[in-house]
Amino acid sequence: MNRENISNDIIVSGIHLDLTPALKQFVEEKAVRLFRHEERIVRLRVELECDPKQDVAHRFTAKGHIEINGPDMNASVSEDECHKAVALLVDKLDRMLGRRSQLQKARRHPHTKSAAVLDEVG
Numbered sequence: 087m088n089r090e091n092i093s094n095d096i097i098v099s100g101i102h103l104d105l106t107p108a109l110k111q112f113v114e115e116k117a118v119r120l121f122r123h124e125e126r127i128v129r130l131r132v133e134l135e136c137d138p139k140q141d142v143a144h145r146f147t148a149k150g151h152i153e154i155n156g157p158d159m160n161a162s163v164s165e166d167e168c169h170k171a172v173a174l175l176v177d178k179l180d181r182m183l184g185r186r187s188q189l190q191k192a193r194r195h196p197h198t199k200s201a202a203v204l205d206e207v208g
């Protein structure tokens, strides 16, 4: 499958926040990394929220929702700056995709470790 012909579906929305083109572009640039690591992502939805009633350290919340073949993945990060929240959200989603990939590899090859142990014993 040629990844260049597939358009990545990234939805960025702002809640109580004016979503500027620069902020939307920043989210898209950061999110490209997720699509590079996992080709089966159907859609990525990012919600950026500003709650002025929260304390300064948790004013901006970035929520990510990855629709993928299999169970969907959700993550949320709260920070004092919107850009920092987006960067941490993408890092968190990337770690989640990595863990999911490792679990799938372990399920595909369940006997590789036990067969090596049996060879050493026998």
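So the sequence shown is numbered by this note's numbering: it starts at 87 and just counts up by one.
We treat Cβ as the ideally placed atom computed from N, Cα and C, and that holds for glycine.
Roughly how many angstroms separate the alpha carbons of residue i and residue j, rounded to a whole number?
{"i": "residue 175", "j": "residue 190", "result": "23 Å"}
{"i": "residue 125", "j": "residue 153", "result": "12 Å"}
{"i": "residue 128", "j": "residue 99", "result": "17 Å"}
{"i": "residue 187", "j": "residue 170", "result": "26 Å"}
{"i": "residue 192", "j": "residue 104", "result": "44 Å"}
{"i": "residue 144", "j": "residue 194", "result": "41 Å"}
{"i": "residue 109", "j": "residue 163", "result": "17 Å"}
{"i": "residue 107", "j": "residue 140", "result": "25 Å"}
Could you say which of the options lies nearest to residue i if we only look at CA atoms?
{"i": "residue 115", "options": "168, 173, 127, 162", "result": "173"}
{"i": "residue 155", "options": "183, 142, 163, 96", "result": "183"}
{"i": "residue 149", "options": "132, 122, 142, 136", "result": "132"}
{"i": "residue 185", "options": "108, 123, 139, 135", "result": "123"}
{"i": "residue 167", "options": "95, 96, 142", "result": "142"}
Counting along the chain, where does the beta strand (DSSP E) carrying residue i start and finish?
{"i": "residue 150", "result": "146-154"}
{"i": "residue 212", "result": "Since the first residue of the chain shown is 87 and the last is 208, residue 212 is not available in this structure."}
Could you tell me which residues DSSP puts in a beta bridge with residue i?
{"i": "residue 165", "result": "146"}
{"i": "residue 159", "result": "152"}
{"i": "residue 99", "result": "133"}
Might you give, ordered along the chain, the residues of its own chain that have their beta carbon closer than 7 Å to the beta carbon of residue i, omitting 5 neighbours on each side?
{"i": "residue 246", "result": "An answer regarding residue 246 cannot be provided, because it is not within the stretch 87 to 208 covered by the chain."}
Over what stretch of residues does the alpha helix (DSSP H) that includes residue i continue unbroken?
{"i": "residue 111", "result": "107-123"}
Can you name, in chain order, every residue of its own chain whose Cβ lies under 8 Å from the Cβ of residue i, other than the five neighbours on each side?
{"i": "residue 120", "result": "127, 130, 152, 176, 179, 180, 183"}
{"i": "residue 102", "result": "135, 136, 137, 138"}
If I measure Cβ to Cβ from residue i and keep anything under 6 Å in the same chain, skipping five residues before and after, which residues do I get?
{"i": "residue 55", "result": "Residue 55 is absent from the model: the chain starts at 87 and stops at 208."}
{"i": "residue 165", "result": "146, 171"}
{"i": "residue 96", "result": "114, 117, 130"}
Is the CB of residue i under 9 Å away from at least one CB in chain C?
{"i": "residue 161", "result": "The question asks about chain C, but that chain is absent: this structure has only one protein chain."}
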